[in-house]
Each structure stands twice: as C-alpha cells, then as structure tokens.
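A.B. asks: Can you keep this structure in mind? I'll have questions shortly.
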Amino acid sequence: MAVEPALKPLVPGGFSGTVLRSDFAVFDRPTRSGKRLVFLDAAASSPKPRSVVDAMSDAYSHHYANVHRGIYELSEDATTRFEAARGKVAAFIGAPSKREIVFVRNATEAINLVAYSWGRTNLKAGDRMVTTQLEHHANIVPWQQLTQEVGATLDYVAITDDGRLDLDDLRAKLAMGPKLLAVAAVSNALGTINPLSEIIAMAHEAGALVLVDAAQAAPHMPIDVAALGCDFLVLSGHKMLGPSGIGALWGRRELLDAMPPFMTGGSMIIKVTMEGAEWNEVPAKFEAGTPAIVEAIGLGAAIDYLTNLGMDNVREHEKYLFEHAWAALAEIPGLRLFGPADSAIHAGVISFWLDDAHPHDVATVFDNEGVAVRAGHHCAQPVMLRYDIPATTRASFYVYNDLDDIDALTSAIRATQTLFAD
Amino acid sequence: MDNLYRDFILEHYKRPHNKGTLDPHDLHFADSNPTCGDEMSMTLVLDPSRTAIADVAFDGRGCAISQASASILTDGLRGQSLDEVRAMDPKDLLEELGVPIGPARLKCALLSYKVLQGAVQGGEVAWPAEAEAEAVG
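Sequence order for the protein chains is A and B. Residue numbers for the first sequence, in this note's numbering: 1 to 422. Residue numbers for the second sequence, in this note's numbering: 1001 to 1137.
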C-alpha cells in the first residue's frame, strides 16, 4: 500500500506533522466552525502531547509527596523524579551541571530573578546596560524597573527594516561600557533568529555579561549554553510542549553562587535563627517554598518527547514549513510580511499585515476557518512602533504542523480578503 | 462569526459615519484598547445651551468591530442631552450592534463607549463591567 504523502517526514530523517498530531489529544477536539483545528499559535503557548499529560497524571497519582523534605519512600521517589527533570533541562541546553538549573514559573520570572538578584547587586548609579527593540516585554520591563531604581541607563539596540538586530548599533551601544546585554535568541513578534554566537562574543569583548531569552528558541532548535558562551539563559516550559507554571533559569555557577536570593522562605536556607538565616547552595537558594513539582516532571516529559524527535529535526521541519508558508504568503497581494526572508535566520513564526483588515478581524475570520493564530502586539510594542503598525497577525509553527496547515492558512487569508474587499 | 461580520457591520467599517475631527470643538477625549493598542479619539460640539450634543466625530484606526461601533454610537448622539449620554447603558450599544460579540472582542465593541464617556464626564472612566473578559497580551 502506498504511503500517504502527508504521512512521510517533511525532511529526511525527520517526522510527519500529520502523524504527530495523533500524539496530541487537543486535535481530536471539534472546533465551533466544524472544521479541523489548525493550530498556528505555538509561539504563545504550545499544545501538550499525551505523554506529558500522562507523566503528570502518573506523578500526581503514584509518586507525589513534597520534595527534599520527607524521610520516607514516597518523598524520596518524588524528589528523584523532580531532580531527574532538572537533569533533563540541563542536558537539553548543554549546561555543564544540573546545579546551574533553577526552576522558576516561566522565562519572565527567570528574567525578574536576574534583574532583582544580579541586577540590584551589580548595577550602580551611572552604569549602563543594553537590551534591544526586538524584545518581548518580559525582556524590557524588568530592566526598565531595575535601571530606573538604581539610576542606571538602559540602551536599546535598533532593528533593521527587515527585522534583524542592527549589529553596528549593537557595537556602538557596547562601546559605552554596559555591564549586561539582555537579548532574545529568537524574536517572538517577527521570528528573527539572532546571531547569538557573534553577539555574545561582541558583548564579552566589551566586558558585558549576556542574558539570553530563549523562550522562543528552546522549543524549536538545539541550544547549547556551553558552546554559546552566554552567562544566563531563560526558558518557559509551556512553549515547549510542557505545562504552564514551570520554566528554567540557567546561570554560570560562579554568578549564581555570588547572587543573593530573589525570594526567601523555606527550602532556600541552611539554618534559620531568630536573628537571621544562612542561604542554601544553588539552585535551592533560588527555590523558596514548595516548587512546581509535577510541572517540572511534566517539563521533563516534554523534553523527552522533543529529544526523541531530535531538535535538529524539529528545526529542519519548521524551516521547511516556513519556506513554504513565506513563499505562499509573499504571492498574496495586499499582504505585508515582517522579518527576514532568509529561512536560515527566520524561525517558524510569520507576522503579517493585511491591508484591508485589522489583525483582530483577521484572527476572528480565521477562527471560523478552524485556524488559530495570534493577533495583537505580541507583548512587543516597541517592535510595532518600529514598523508603525498597531498589531500584526502571527502564525507560528511546531512539530504537529504540516503542509495542509499552510494551505489552511492561505485559504483563511483569502477568505478574509473576500469578506473585507470593498 | 458570519453573524459578527454582517453587511451592516462591514458597511459601517468600510464607510464609517462621523469620521474625522471637529474643530473647533467643546469636548475631546482619546483612549486606547489595551489588547491591541488601537487608539480612538472623539470630538463633540455642544448646542448653545451647552447641555446637549449638537455634533460629534470620531477618529482613529482599529478593527471592524471598534470602527462600526463608533460609527453606530455617534449616529445616535446628536440632540441627546449630556445627562442622557452619561446615563447610557453599554448593554444598549452591544444590543444595537446586533451581532454576537465574543468575550475576546468586547473591548473592541465598547472602546467607543469608553471614549465617549471620557469626553462627557471630563476624564477617563473605567472599562464597563461588560468589557471585562480578557487579559492584555
């Protein structure tokens, strides 16, 4: 029997998104349009495979007790599974040690942790730090708060017309002697993949530490902090097939060791007297209170799922989808595309503007076609400002997408244009 | 959804009534929809008694729902007293739109109401309870 084309891997050695959809229960759900769900909003938050949901259900049902506390079998079991998840995160991003992985709620909390703990210790009045106009608000607002509080200056690296960081501007900003550069690996609003190795080398040469916001990169491409040479890296579990409420901060051990706690309470101490307390070692120092135990185990299962697919394959799969989608959308009159056209530096995220329809109307019409996309400013208003638009419509791809989904996207665009044609 | 973009709504979106800025004007207010950043302004001219609306215009860019809502809302304002406008129930505007507005689009539908209330009450007013169904991105 001949194999259905859609059931074959999109790229050699890879996988078929059509086949993978059966791993996700959500695709069994009927939409109110009666059409199949075409989910193109992974960049906001991804669906969860059954293996993640099952791992969490199993953990709650059979392996749950508080961690790092109980001297009994069940607590040891829970602690082993929780700490195994930490090891999976470390291996997934190439961290030298799992002790350098701090569990947090999400990338936003990880950035806030660094801003409060490292920032308020190391940044002084008159100092400078740098972020970019390409960032998600999560990598802007904590730095605005920090610099305003201590009297430091926050500089922004400009964006080029085609959505890349302006490296000449970065060089100029680094020449002013900042202590930190906070930069996204991948833009959530435009999909741009930043040249991290080059950027990190430039920053280090200028004497700045580098925090990488990998919220949009860790789910979609291989990450190796040792090879990158960055100083901090943050990610969110919910964007990479894992549950919400769990994310990770990776930091170089000597930096984490020198940083004061962000939140204080139980677990993060060695000793508490009525007069004061001594801090526990990293990562416990940064994990006050009972952590998101089962969420961490769920993130571990998500990493297993992705590792089994192979992150190189995930990247190639999405690159293939991007190239087809970009080519198809570029032919549609009245549609403006954002970000670089080169698939080597553009992740599976396409932001676009339709001349006749506002993005919110676009997303509503798409919804009626069963196509889920994000419309809005994507928590990146400085990017919208750069292109003088209030919002865009954003389609983002992941492992369960296939060429049929790209067809559904282009049909939904045509349906929108028909409805709004004057 | 097909209902949401009825011809009535699309007609108001494509050819909005009362679009522009009145100059001179007696009252002016501008506000935005936090969900999408769309901005809308309204200018009003009062009658000689200064207790009723003689003319009104709205300006700004936005989605079909917010633009049609402003077009429809402003159509009914001439001759209304300021007291009547201040007492206006946002539910009436939603009813007048005549299409089912989902929770994600309520702020689009009620932005014009909020801007109008800001103008006649002399400062920003809170979103009406009817609009509280979504978070900011």
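Ideal Cβ placement from N, Cα and C applies to all residues, glycine included.
DSSP three-state call for residue 1136 of chain B: helix, strand or coil?
C.D. replies: Numbered from its first residue, the second sequence carries residue 1136 of chain B at position 136. Because the pLDDT at residue 1136 of chain B is just 45, under 50, the model does not fix this residue reliably, and the value given afterwards should be weighed accordingly. Residue state, collapsed to three classes: coil.
A.B. asks: If we ignore side chains and look at the alpha-carbon of each, how far apart do residue 1016 of chain B and residue 347 of chain A end up?
C.D. replies: For the purposes of this step, residue 1016 of chain B is taken as the residue at position 16 of the second sequence. For the purposes of this step, residue 347 of chain A is taken as the residue at position 347 of the first sequence. Spanning the two alpha carbons is a distance of roughly 39 Å.
A.B. asks: Less than 8 Å between the CB atoms is what I'm expecting for residue 286 of chain A and residue 113 of chain A, so what's the real figure, rounded?
C.D. replies: As a first step, residue 286 of chain A must be located in the first sequence, where it is residue number 286. As a first step, residue 113 of chain A must be located in the first sequence, where it is residue number 113. Indeed, because the Cβ distance is near 6 Å, the residues count as touching under 8 Å.
A.B. asks: Considering only residues of the same chain and omitting the five flanking positions on each side of residue 294 of chain A, which have a CB-CB separation below 6 Å?
C.D. replies: On the first sequence, residue 294 of chain A is found 294 positions in, with the first residue counted as 1. Closer than 6 Å at the Cβ level, and outside the excluded window around residue 294 of chain A, lie 56, 59 and 60.
A.B. asks: Just to make sure I have the definition right: I need the residues of chain B whose C-beta is within less than 8 Å of the C-beta of residue 42 of chain A. Which are they?
C.D. replies: Against the first sequence, residue 42 of chain A aligns to sequence position 42. Ordered by position in chain B, no residue passes the 8 Å Cβ test against residue 42 of chain A, which lies about 16 Å from the chain.
A.B. asks: For residue 193 of chain A, list the residues DSSP reports as bridge partners.
C.D. replies: To locate residue 193 of chain A, count along the first sequence from 1; it is residue 193. A:186.
A.B. asks: Measuring straight from C-alpha to C-alpha, what distance separates residue 280 of chain A and residue 267 of chain A?
C.D. replies: Taking the first sequence and counting its residues from 1, one reaches residue 280 of chain A at position 280. Taking the first sequence and counting its residues from 1, one reaches residue 267 of chain A at position 267. Going from the Cα of residue 280 of chain A to the Cα of residue 267 of chain A covers about 8 Å.
A.B. asks: Is the beta carbon of residue 410 of chain A sitting closer than 8 Å to the one on residue 337 of chain A?
C.D. replies: Position 410 of the first sequence, counted from the start, is the residue given in the question as residue 410 of chain A. Position 337 of the first sequence, counted from the start, is the residue given in the question as residue 337 of chain A. Contact flag unset, no.
A.B. asks: Buried or exposed: residue 270 of chain A, going by 16 or more other Cβ atoms within 10 Å of its Cβ?
C.D. replies: Taking the first residue of the first sequence as position 1, residue 270 of chain A is located at position 270. With fewer than 16 other Cβ atoms within 10 Å, it is exposed.
A.B. asks: State the CB to CB distance for the pair residue 238 of chain A and residue 45 of chain A, rounded to an integer number of angstroms; the pair is presumed to be in contact (CB under 8 Å).
C.D. replies: Counting from 1 along the first sequence, the entry for residue 238 of chain A is found at position 238. Counting from 1 along the first sequence, the entry for residue 45 of chain A is found at position 45. About 5 Å; that satisfies the 8 Å criterion.
A.B. asks: Please go through the same chain and pick out, in chain order, the residues whose beta-carbon is closer than 7 Å to the beta-carbon of residue 165 of chain A, but skip the five residues on each side of it.
C.D. replies: Residue 165 of chain A sits at position 165 when you count from the first residue of the first sequence. For residue 165 of chain A, where only same-chain residues beyond five positions count, the Cβ hits under 7 Å are 132, 134, 157, 159 and 194.
A.B. asks: Alpha carbon to alpha carbon, what distance is there between residue 104 of chain A and residue 247 of chain A?
C.D. replies: As a working note, residue 247 of chain A is residue 247 in the first sequence. As a working note, residue 104 of chain A is residue 104 in the first sequence. Roughly 5 Å between the two C-alpha positions.
A.B. asks: In whole angstroms, give me the CA-to-CA distance for residue 1013 of chain B and residue 1097 of chain B.
C.D. replies: Position 13 of the second sequence, counting from 1, holds the residue named residue 1013 of chain B. Position 97 of the second sequence, counting from 1, holds the residue named residue 1097 of chain B. Looking at the two C-alpha atoms, the distance is approximately 12 Å.
A.B. asks: Quick check on this structure: which residue in A:398, A:87 and A:31 has the alpha carbon closest to the alpha carbon of residue 48 of chain A?
C.D. replies: The count along the first sequence starts at 1 and reaches residue 48 of chain A at position 48. For the residues A:398, A:87 and A:31, the minimum Cα distance to residue 48 of chain A belongs to A:398.
A.B. asks: Which residues, in order along the region 383 to 407 of chain A, keep a beta-carbon less than 9 Å from a beta-carbon of chain B?
C.D. replies: So the close ones are 384, 390 and 391.
A.B. asks: Between residue 1124 of chain B and residue 1114 of chain B, what straight-line distance do the alpha-carbon atoms span, to the nearest angstrom?
C.D. replies: Working through the second sequence from its first residue, we reach residue 1124 of chain B at position 124. Working through the second sequence from its first residue, we reach residue 1114 of chain B at position 114. The straight-line gap from Cα to Cα measures roughly 8 Å.
A.B. asks: Using CA atoms only, rank isn't needed, just tell me which of A:322, A:278 and A:351 is closest to residue 335 of chain A.
C.D. replies: Counted from its first residue, the first sequence places residue 335 of chain A at position 335. Comparing Cα-Cα distances from residue 335 of chain A to each of A:322, A:278 and A:351, the minimum goes to A:351.
A.B. asks: Between which two residues does the beta strand (DSSP E) containing residue 213 of chain A stretch?
C.D. replies: Mapped onto the first sequence, residue 213 of chain A falls at position 213. Start and end: 209 to 213.
A.B. asks: Quick check: is the beta carbon of residue 1038 of chain B nearer than 8 Å to any beta carbon in chain A?
C.D. replies: For this step, residue 1038 of chain B is matched to residue 38 along the second sequence. Output row for residue 1038 of chain B: interface = yes.
A.B. asks: Chain B beta carbons: is any one of them nearer than 8 Å to that of residue 238 of chain A?
C.D. replies: Here residue 238 of chain A refers to the residue found at position 238 of the first sequence. Judged by the 8 Å Cβ criterion, residue 238 of chain A is not in contact with chain B.
A.B. asks: Taking Cβ positions, are residue 1054 of chain B and residue 1078 of chain B nearer each other than 8 Å?
C.D. replies: For this step, residue 1054 of chain B is matched to residue 54 along the second sequence. For this step, residue 1078 of chain B is matched to residue 78 along the second sequence. In this structure, residue 1078 of chain B lies closer than 8 Å to residue 1054 of chain B by Cβ.
A.B. asks: In the DSSP output, what is residue 156 of chain A paired with across the bridge?
C.D. replies: Against the first sequence, residue 156 of chain A aligns to sequence position 156. Note: residue 156 of chain A sits in a beta bridge opposite A:131.
A.B. asks: Does the count of Cβ pairs from the region 301 to 319 of chain A and the region 174 to 194 of chain A closer than 8 Å reach three?
C.D. replies: No, the region 301 to 319 of chain A is not in contact with the region 174 to 194 of chain A.
A.B. asks: Secondary structure at residue 1035 of chain B, three-state DSSP: helix, strand or coil?
C.D. replies: Counting from 1 along the second sequence, the entry for residue 1035 of chain B is found at position 35. Coil.
A.B. asks: Taking the beta strand (DSSP E) that residue 338 of chain A belongs to, which residues open and close that run?
C.D. replies: As a working mapping, residue 338 of chain A is identified with position 338 in the first sequence. Looking at the DSSP string, residue 338 of chain A is not in any beta strand (DSSP E), and its letter there is neither H nor E.
A.B. asks: Nearest-angstrom Cα distance between residue 1136 of chain B and residue 1081 of chain B?
C.D. replies: Walking along the second sequence from the start, residue 1136 of chain B turns up at place 136. Walking along the second sequence from the start, residue 1081 of chain B turns up at place 81. Since pLDDT at residue 1136 of chain B reaches only 45, below the 50 mark, its modelled position is unreliable, and no value is offered.
A.B. asks: Cβ closer than 8 Å: which chain B residues qualify as neighbours of residue 136 of chain A?
C.D. replies: Residue 136 of chain A sits at position 136 when you count from the first residue of the first sequence. Within chain B, no residue comes near residue 136 of chain A; the closest Cβ sits about 10 Å away, beyond 8 Å.
A.B. asks: Measure from the C-beta of residue 220 of chain A to each C-beta in chain B and report whether the shortest distance is under 8 Å.
C.D. replies: As a first step, residue 220 of chain A is located in the first sequence; it is residue number 220 there, counting from the start. Not an interface residue.
A.B. asks: Could you give the distance in angstroms between the alpha-carbon of residue 1049 of chain B and the alpha-carbon of residue 1066 of chain B?
C.D. replies: As a working mapping, residue 1049 of chain B is identified with position 49 in the second sequence. As a working mapping, residue 1066 of chain B is identified with position 66 in the second sequence. Roughly 31 Å between the two C-alpha positions.
A.B. asks: Output needed for residue 202 of chain A: all residues of its chain with C-beta closer than 7 Å, excluding positions within five of it in sequence on either side, in chain order.
C.D. replies: Along the first sequence, read from residue 1 onward, the residue named residue 202 of chain A stands at position 202. Correct list, in chain order: 170, 171 and 174.
A.B. asks: What residues are listed by DSSP as bridge partners for residue 278 of chain A?
C.D. replies: Your numbering for residue 278 of chain A matches position 278 in the first sequence. DSSP, once it has assigned bridges, lists A:271 as partnering residue 278 of chain A.
A.B. asks: If you draw a straight line from the C-alpha of residue 100 of chain A to the C-alpha of residue 394 of chain A, how long is it?
C.D. replies: Here the question's residue 100 of chain A lines up with position 100 in the first sequence. Here the question's residue 394 of chain A lines up with position 394 in the first sequence. Cα-Cα distance, rounded: 34 Å.
A.B. asks: From residue 186 of chain A to residue 215 of chain A, what does the alpha carbon distance come to, in whole angstroms?
C.D. replies: Counted from its first residue, the first sequence places residue 186 of chain A at position 186. Counted from its first residue, the first sequence places residue 215 of chain A at position 215. Rounded to whole angstroms, residue 186 of chain A to residue 215 of chain A spans 8 Å at the Cα level.
A.B. asks: For residue 1064 of chain B and chain A, any beta-carbon pair shorter than 8 Å?
C.D. replies: What you label residue 1064 of chain B is simply residue 64 of the second sequence in a count that begins at 1. So yes, residue 1064 of chain B belongs to the interface.
A.B. asks: Does residue 274 of chain A pass the burial test, meaning 16 or more other C-beta atoms within 10 Å, or should it be called exposed?
C.D. replies: As a position in the first sequence, residue 274 of chain A is number 274, starting the count at 1. By the 10 Å Cβ count, residue 274 of chain A comes out exposed.
A.B. asks: Look at the alpha carbon of residue 396 of chain A and the alpha carbon of residue 43 of chain A, and state the distance between them as a whole number of angstroms.
C.D. replies: Looking up residue 396 of chain A in the first sequence gives position 396. Looking up residue 43 of chain A in the first sequence gives position 43. Computed Cα separation, rounded: 6 Å.
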